[in-house]
Structures are given as structure tokens and as C-alpha cells.
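Chains as they are written, first to last, in my numbering: chain A, 56 to 241; chain B, 23 to 772.
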């Protein structure tokens with residue numbers, strides 16, 4: 056049994072973390088983010104603000120992208136959680152991870168796990184049909200190194216692979232149909 | 023000298039990429055040890071005054087708390103200011119955490135809670151209560167502008183403005199065309215995605231291994247050794263992965279001091295990770311007020327350049343950067359007056375932030391150049407081309423290279439600048455006003471002293487080592503490329519050992535110096551290994567290389583061979599075996615060429631073209647297109663190089679439109695100390711960015727022809743955005759950032 060807060064821990068939960076069942080006792084004030092980065096020693100999930108404002112801690116909870124800093128671990132009993140470590144390994148990368156390498160879709164790498172988990176969630180949702188929609192729907196993940204265009208390239212490539220075609224750069228923005236983000240004419 | 027590349031110059035993917043994308047690259051706070059303690063800082067809630075009392079009783083009683091430090095019980099540390107001054111400290115008295123009851127800035131550490139868990143430390147920190155005697159803070163630059171002064175003591179490495187030349191005032195008053203305007207920029211905070219953190223692994227009273235978020239492991243090591251009287255031999259600082267820094271990590275931060283202090287005091291390992299709010303009490307890009315006056319004759323030739331800048335600094339240090347000098351070397355002008363002053367505010371000391379000084383000064387200069395072009399009725403690009411100069415009039419020095427004409431030409435062609443209609447408000451796309459603006463960018467291409475070691479092993483593995491840092495800039499990758507090319511091995515066979523204070527000495531990762539400096543040192547060390555291998559080969563019986571000179575041999579396919587005839591040579595493994603060696607290692611050292619620097623000076627250049635679209639009814643503004651053409655000498659890796667420029671453009675857009683540390687001047691406190699309210703560009707803000715590297719050969723800027731790329735990408739971007747906004751709207755915005763409230767207050771729909 057793992058104790059997330061040695062002094063006053065207590066609430067038992069069972070989660071499936073990266074495919075493996077974990078029985079934990081966690082104090083009610085411990086966030087999923089601090090549980091992962093602390094006692095679980097899975098620091099791939101990053102802390103960039105601890106306020107749900109930057110997206111660096113994005114993980115997949117039951118397939119949906121979530122900010123781990125906004126989830127208390129005790130609320131996740133029975134949940135299936137995938138972190139960046141569960142998506143792929145350095146020698147066996149997930150297609151999104153490989154696309155991020157190929158497109159240099161990072162610099163410092165700190166927002167990267169969150170960007171990739173968020174992109175995986177985006178693909179699961181199936182709402183993004185165009186580059187403009189990718190940009191809009193990825194806007195919860197900040198990148199201070201400014202790799203945004205490369206990240207969009209990486210996600211577009213993987214989206215194209217999974218659906219058999221590249222999304223249309225100039226398609227109207229269906230996420231916000233009232234206001235199209237028409238790209239500049241070439 | 024340098025073998026034209028097979029792998030150097032290719033768009034190689036980052037060698038650290040697979041680790042970064044799989045969450046396996048450990049940053050400063052991501053090191054573990056059983057029983058490690060956690061520290062959380064309590065921040066001041068006033069900007070100026072004195073702590074009357076601190077009540078820690080409740081916090082101390084909190085389960086899991088080990089110790090609480092305040093100015094009343096902090097263990098002693100060095101007395102002299104000089105011991106606290108880090109490698110890039112400006113003149114003054116560096117901030118000393120928890121030393122005195124005085125509060126000098128909002129968010130100053132006033133207590134430090136150490137506990138068995140992060141949660142216990144955080145919760146206990148919220149129970150510390152502090153009573154203050156509050157003074158009235160001054161944080162608004164405009165309010166202290168009249169008290170500005172020329173800093174008496176200059177900051178090392180920062181050139182003060184040159185003396186005036188010609189008769190700038192007379193030339194201005196008599197000129198056919200003139201503009202004079204004031205530009206205001208609010209302060210910014212770097213906000214790298216990773217927050218500052220330190221993990222101290224305590225071994226004994228004298229020996230520590232420290233993982234620190236820093237742009238220089240040796241700078242952090244020297245800082246803590248000076249302050250705590252430790253032997254640099256016994257302290258190792260590592261910074262394997264740094265989650266962005268942009269200059270904020272050049273000076274050691276309070277978490278390093280506090281983590282080491284607690285570790286030594288408690289004889290335990292300690293981890294301290296800042297909060298995002300805490301990041302706003304650190305180094306920032308100073309707010310500035312600048313006046314630029316430009317005059318030209320009938321034909322558009324510059325007759326006078328006058329640039330005066332006042333920047334904020336703290337009460338305790340005179341932070342200085344090069345703001346106005348750019349205006350004296352950007353264009354040809356024989357009459358120039360450049361002045362730079364500081365004014366003190368009750369805030370933490372500002373510091374270097376991406377293209378420090380240039381990002382600020384060139385913003386004003388290039389905005390004023392656009393205003394002058396309008397005044398003359400000339401195309402803004404044509405005005406710049408007309409006043410081009412291949413010489414530095416500030417220093418009376420020649421330039422090592424300046425491919426700015428190529429930047430103008432290739433950038434404007436890619437952008438389609440010739441289709442621009444000159445009049446403001448003359449281009450539209452539906453409801454949107456369309457504006458096209460441009461600016462020139464400048465940054466110095468410098469080298470710092472750097473050492474490196476290169477080892478070639480009998481199994482064909484190459485090890486490159488130096489204390490250098492990769493803050494996302496691609497250092498791991500370019501050093502691997504240089505090592506691979508020197509020994510003709512695949513990049514996978516090269517191990518890059520950096521980010522460790524015990525490795526050969528380099529400066530901090532800043533100023534766009536690392537590729538030129540450490541890259542050159544690696545190149546020189548690799549040449550030395552080759553020379554040693556040749557010496558050994560010539561000792562061998564019947565050596566086919568007996569008469570070969572070092573410049574005649576190269577390494578190909580694991581053999582040392584004659585460049586002109588690969589058949590003549592010896593296998594490297596045989597050379598090493600002949601001496602019973604398993605490897606050979608040599609040091610290399612590079613630095614600026616002082617003789618050359620008397621005559622030459624080196625800069626990188628850019629031409630930035632920006633398109634904005636502004637909804638005429640709503641005032642919503644989008645940067646829809648940017649083309650940045652860069653002249654920066656030799657590009658070692660176009661893939662990582664391009665990313666650096668993209669990042670500069672994005673931060674430049676932030677500077678133009680988003681970024682502002684908003685201060686409540688009544689209390690002196692920063693109101694938006696979080697990432698929801700301190701706006702940085704997000705995915706939706708960034709559309710189409712194009713980067714062009716123009717051909718630029720430079721054999722003087724550095725031994726490997728590199729000029730550096732970390733800063734040039736941001737310089738000029740904010741001015742080009744502002745100039746595009748003028749072209750779209752017909753309104754000049756001179757107060758940055760140009761947020762929507764300012765656009766709505768203007769007569770957008772006139």
C-alpha cells in the first residue's frame with residue numbers, strides 16, 4: 056500500500072494507471088498531479104501552474120483529457136488513467152509522440168507531455184476537422200517556447216493518418232461556426 | 023579548416039526528443055529519494071515596508087512540519103555582497119532571502135516551511151501570519167521618471183551608450199522630415215512553463231548533489247559555494263533538462279538558496295518547487311519609457327537619430343541592458359545622440375529576458391522608422407534599404423557580415439510585400455481591416471570563453487562533454503552533430519555529456535552564445551583528438567601516414583586517412599591498440615578573438631513582415647501571417663534553428679499584444695500573477711509563421727561560422743505588429759501591449 060501523505064492518509068482507492076491496477080490510500084487533499092509527481096514517481100505529467108490554466112498536467116481519464124491538477128485523487132476510484140508514460144516509451148513511441156519528434160513540436164519539452172495527451176484526447180473527441188479547429192481546441196495547452204505551428208503540424212499529420220486524409224486548412228471553423236478563422240490567402 | 027558538413031547543417035531531429043515526448047526527461051524537481059523533505063515559501067503581501075512580527079505557532083503545530091525559517095532564525099550565510107553576486111549580477115546588493123525584516127518587493131519570501139510532504143508544507147505555509155509596517159510603494163515608472171539617473175557603476179558585459187556624434191539637435195531642427203514620439207512598454211515576466219525548482223541530495227555536511235533549474239550549472243554551484251562556504255569540489259549542480267528559462271534562469275533564484283540552506287541545516291535531502299505566483303517575484307523585463315526622434319532629408323536619408331530610454335530597476339540593484347545603442351548602428355546616420363537612464367521602483371530587480379535591451383529598444387526605433395516613412399510618404403521597406411550601412415558607426419568598426427539586404431529581399435518576396443497598398447485602411451478582407459507592417463531586427467553575435475572535452479573510444483563511440491546547458495535550444499543535438507561529423511560516426515554513436523558543473527567550464531546559456539562558443543570548443547577538441555591520433559599513427563612501424571600533416575588527414579569510416587586518398591590510412595582501433603589505449607581524450611578551448619574584436623564587430627539581423635486583421639466593429643485583432651528572414655551565419659541544424667526563431671516570433675507577438683505584468687500601483691502588488699491573467703500567446707493566437715535563413719558566410723564571428731539564434735527571432739516582431747496595426751487602422755499605438763481595450767478606445771470605426 057502506498058501512502059500519499061504519510062501523516063494523515065487514509066482513503067482507499069483503486070485506479071488503473073497506465074494499464075496497471077493500483078491500490079492506494081490517499082489523503083483527500085492530494086491532487087492527481089501531486090500523487091503522480093510525488094509518491095508514484097511519474098514526473099512525466101508536469102506542473103506548470105497548479106491552477107488549471109496551462110494544461111501541462113493534461114492526462115487522459117477514461118479517455119478524456121483532464122488537468123490532473125484540478126482532480127483530487129480520491130475522486131478517481133475506479134478510473135482508468137493514462138499518463139504520457141503510458142502512451143509510449145522512448146523506444147516504442149506512440150504515433151503522436153513520433154510526430155512531435157519529427158516536427159520538432161517542442162523546445163524545452165516541459166509542456167510536451169500535456170500537449171501530447173491533450174492531442175490524444177482531441178483525436179478521441181473527433182471534433183477537430185481543420186487546422187483552425189485544432190488550434191482552437193488545443194488552446195488550453197500553453198507552450199512558452201512557441202512551438203504552436205509545429206504542434207499543429209504534428210497533430211494534423213497523425214489526424215491525416217488515422218482518417219486517411221489531411222484536414223482542410225481552410226475549412227470553416229465548426230467548433231465556432233459564427234466566426235471563421237480564414238487563413239490568409241496565399 | 024572545417025570539413026563541409028555531412029550531418030552538420032542537416033535538419034536532424036533532437037537527440038533528446040524521444041525522452042522528452044515520453045516523459046522520461048527529468049527536470050529539476052523530478053528527482054527522488056526516500057525521506058526527502060519538501061519546502062514551500064511564504065510570500066510577502068506588501069511591496070515595501072517591514073515585517074513587524076511573524077506568527078509561526080499554528081504552522082509549526084501542523085502535522086508533518088519539520089521546521090519553519092524566517093529572518094529571525096535563518097542560519098547564517100556569507101556577509102559580503104560580493105559573495106552573493108552571481109556571474110551576471112548587476113551592480114548593487116543582491117537580494118538575500120530571509121535575512122532582514124525589510125520587504126523590498128511584492129512576493130518577497132518572508133518564511134520558508136519544510137515538511138515531510140509537499141501538501142503538509144503547503145498547508146502549513148498558509149497558516150503563517152505576518153504583521154507588516156507598510157510603506158507607500160512606488161511601482162509606476164511614469165511616477166519616478168523625473169527621478170531617473172545614469173547608472174554610476176556599469177554592468178559588466180553591457181556596453182553603455184556611445185558618446186553623441188555630429189550635431190543631432192541641429193540636424194533634427196533643420197531637416198525636411200521629422201518625427202518624435204514616446205513609446206511606453208509595460209513590464210513582462212518570462213513565465214517559462216517549468217517553475218523554478220531545486221532538489222538537493224544531501225550526502226554529508228560538505229557534499230551535495232543539486233538538481234537546479236538554471237541556465238548555468240556552474241553559476242549555481244559557485245553561488246552556493248560562495249554563500250555557504252562549501253568547496254566547489256564537493257558540490258555538483260546538474261541541470262539536465264530545463265523547462266524554458268528565456269533569461270530568467272541566468273541568476274540563481276531564492277529556491278536554490280533555501281533548499282541548500284535547509285538541507286545543510288537539517289542534514290536531509292530537500293526539494294523546493296516554486297508556485298506560479300512565486301514566479302512573479304523574480305527577474306522581469308523592465309517597464310520602459312522611450313523617446314525616439316528621427317529626421318530625414320527630402321530623399322529619405324537619415325539626418326538625425328536621437329533615442330532616450332528610461333527603464334525601471336529595483337532599489338537594491340542597477341540592472342542594465344543595451345537599449346538605445348541599436349539606434350546608432352542600425353542605419354547610416356552621422357548625427358546621433360543616445361542616452362539611457364534608470365529609475366527605481368519598489369519591485370524585484372529586473373533581468374535579462376530574451377534579447378534583453380534590443381527587444382525593447384528596437385521596438386521603439388522600428389516603430390519610429392515606420393512613422394518617419396509615413397511622414398515622408400515612402401515605403402517603409404524602401405526607407406530601410408535606403409539607409410542601409412555595412413559598418414558600425416557607434417564603435418567605428420567593420421562588421422563580420424551583414425546579409426540584411428538578402429533578408430529584406432527574400433522576406434518581402436515570400437510575404438508579397440510589393441502587393442501592399444501604401445495608404446492606411448486601404449486593404450480589407452470582408453469585415454476585417456488588413457494591415458501589413460515590417461521591421462528590422464538586430465542582435466549581437468557574441469562568443470564567451472568555453473571549454474570542452476572530446477573522447478574517441480576504440481569501439482567507435484564519441485563522448486562530447488562541457489558544462490553547457492540545453493534550455494530547449496538544441497545544445498544536445500548540435501553538439502552531437504559536431505561530434506558525429508568530426509569522427510564520421512552516426513549521431514547515435516555520440517554521447518553528449520552536458521548540464522553538470524563538474525564538466526569543462528562554460529559560461530551561462532545566454533545571449534545566443536552557446537552554439538558559437540561551446541560548439542567551437544568541441545570542434546577544437548575534436549581536432550586535437552585527431553592530431554593526437556595522427557601522432558600515435560606516426561609512431562607506428564611503417565606508418566603510411568608518416569609524412570602527413572594534421573590538415574591533410576581526415577577520419578572516414580573508422581580510419582584516419584589522407585583527405586586526397588582514402589586508401590592511405592590506418593584504422594583508428596589499430597592506432598589506439600598500438601598504444602594499448604581504449605580511448606583518447608583531448609580538451610578544447612574557444613573564446614573571442616581579442617585582436618579581431620579591435621577592428622570587427624558581429625551582429626545577427628532579421629527582416630520581419632507581419633499581416634494583421636482587425637474586425638472593424640469588434641476590434642478583435644489577429645496576427646494572420648508572419649515572415650521572418652534571418653541572417654545569422656552558419657545554421658548547424660535548420661530544424662532546431664527554425665524552432666528558435668518561431669519561438670521568438672511567438673514571444674514577440676506576445677510582447678506586442680498580450681504580455682503585461684499588471685500592477686496595482688496603490689499597493690505595489692502584481693494583480694495577474696497567474697497564467698490565466700498574464701496572457702501569453704496560445705494555439706489560437708498563432709496562425710501562419712514562415713522562417714527563412716538567408717545565406718550568410720562569416721569566417722570571423724566564431725571559428726565554426728555560427729552567430730547564434732536564441733534572441734534574434736523576437737527582435738523587431740512587436741514593432742512589425744504595431745506597424746501593421748497602424749497600416750490597418752490609421753492609428754498609432756505607442757503603449758505596449760496593444761490590448762483590445764486600447765484598440766476600442768481608438769476611433770477604429772472612423
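Think of the CB as a built atom: it goes at the ideal place given N, C-alpha and C, for glycine as much as any other residue.
All values derive from a computational prediction rather than experimental measurement.
| Item | Value |
| --- | --- |
| Would you say the stretch 678-698 of chain B touches the stretch 291-301 of chain B, given that touching needs at least three Cβ pairs under 8 Å? | yes |
| Which stretch, first to last residue, makes up the beta strand (DSSP E) that contains residue 328 of chain B? | 324-335 |
| In the structure shown, what three-state DSSP assignment does residue 194 of chain B receive? | helix |
| Classify residue 766 of chain B: buried if its beta carbon has 16 or more other beta carbons within 10 angstroms, exposed otherwise. | exposed |
| Which residues in chain A sit within 9 Å of residue 704 of chain B, going by Cβ to Cβ distance? | 190, 193, 194, 195, 196, 197, 198 and 203 |
| So, does the CB of residue 99 of chain A fall closer than 8 Å to a CB anywhere in chain B? | yes |
| If you draw a straight line from the alpha carbon of residue 131 of chain B to that of residue 147 of chain B, how long is it in whole angstroms? | 11 Å |
| Residues of the stretch 126-138 of chain A in Cβ contact with chain B at a cutoff of 9 Å, in chain order, please. | 138 |
| With a CB to CB cut of under 8 Å and the five nearest residues on each side skipped, what residues in its chain are close to residue 220 of chain A? | Only weak support exists for where residue 220 of chain A lies, its pLDDT of 49 falling under 50; the coordinates are left without a value. |
| Counting C-beta neighbours from all protein chains within 10 Å, is the total for residue 391 of chain B 16 or more, i.e. buried, or is it exposed? | buried |
| What's the C-alpha gap between residue 547 of chain B and residue 475 of chain B? | 6 Å |
| According to the neighbour-count rule (16 or more other Cβ atoms, all chains shown, within 10 Å of its Cβ), is residue 117 of chain B buried or exposed? | buried |
| Below 8 Å on C-beta distance, what does residue 213 of chain A contact in chain B? | Near residue 213 of chain A there are no residues of chain B at all, since even the closest Cβ is about 12 Å away, more than 8 Å. |
| Take the Cβ of residue 170 of chain A as the centre, count every other Cβ of all protein chains shown within 10 Å, and call the residue buried at 16 or more, exposed below. | buried |
| Assuming contact is defined by CB atoms lying nearer than 8 Å, are residue 238 of chain B and residue 531 of chain B in contact in what I supplied? | yes |
| For residue 213 of chain B, count the other beta carbons within 10 Å of its own beta carbon; 16 or more makes it buried, fewer makes it exposed. Which is it? | buried |
| Kindly give me the distance between the Cβ atoms of residue 131 of chain A and residue 70 of chain A, rounded to whole angstroms, as I take these residues to be in contact under 8 Å. | 5 Å |
| Which chain A residues sit within Cβ distance under 8 Å of residue 48 of chain B? | 98 |
| Taking just the CA atoms, how far does residue 376 of chain B sit from residue 803 of chain B? | Residue 803 of chain B lies beyond the range of chain B shown here (23 to 772); nothing can be said about it. |
| Residue 30 of chain B touches chain A at which residues, Cβ-Cβ below 8 Å? | Result: empty, since nearest Cβ-Cβ is about 17 Å, beyond 8 Å. |
| Can you tell me which of the three DSSP states residue 38 of chain B falls into? | coil |
| Nearest by alpha-carbon distance to residue 292 of chain B: which of B:605, B:60 and B:77 is it? | B:60 |
| I'd like the list of long-range same chain contacts for residue 459 of chain B, defined as Cβ closer than 6 Å, with 5 residues on each side in sequence excluded. | 632, 742, 745, 746 and 749 |
| Start and end of the alpha helix (DSSP H) containing residue 363 of chain B? | Unbroken run through residue 363 of chain B is the beta strand (DSSP E), 358-366; no alpha helix (DSSP H). |
| In chain order, which continuous runs of the alpha helix (DSSP H) of length 4 or greater are located wholly inside the stretch 163-220 of chain B? | 163-166 and 190-195 |
| Taking the alpha-carbon of residue 339 of chain B as reference, which of B:732, B:305 and B:360 has the nearest alpha-carbon? | B:305 |
| Which residue from B:601, B:32 and B:537 puts its Cα closest to that of residue 554 of chain B? | B:601 |
| Quick check on residue 67 of chain A: does DSSP put it in helix, strand or coil? | strand |
| Have a look at residue 386 of chain B and residue 757 of chain B and give me their C-alpha separation to the nearest angstrom. | 10 Å |
| In chain order, what residues of the stretch 413-445 of chain B put their CB closer than 8 Å to some CB of chain A? | none |
| Going straight from the alpha carbon of residue 380 of chain B to that of residue 348 of chain B, what length do you get? | 7 Å |
| Taking residue 731 of chain B and residue 666 of chain B to be in contact with their CB atoms under 8 Å, please state how far apart those CB atoms are, rounded to whole angstroms. | 5 Å |
| Does any C-beta atom of chain A lie closer than 8 Å to the C-beta of residue 708 of chain B? | yes |
| Taking a Cβ distance cut-off of 8 Å, strictly less, list which residues of the stretch 154-166 of chain A are near chain B, in chain order. | 155, 156, 157, 159, 161, 162, 163, 164, 165 and 166 |
| For a cutoff of 8 Å on Cβ pairs, would you count residue 35 of chain B as touching chain A? | yes |
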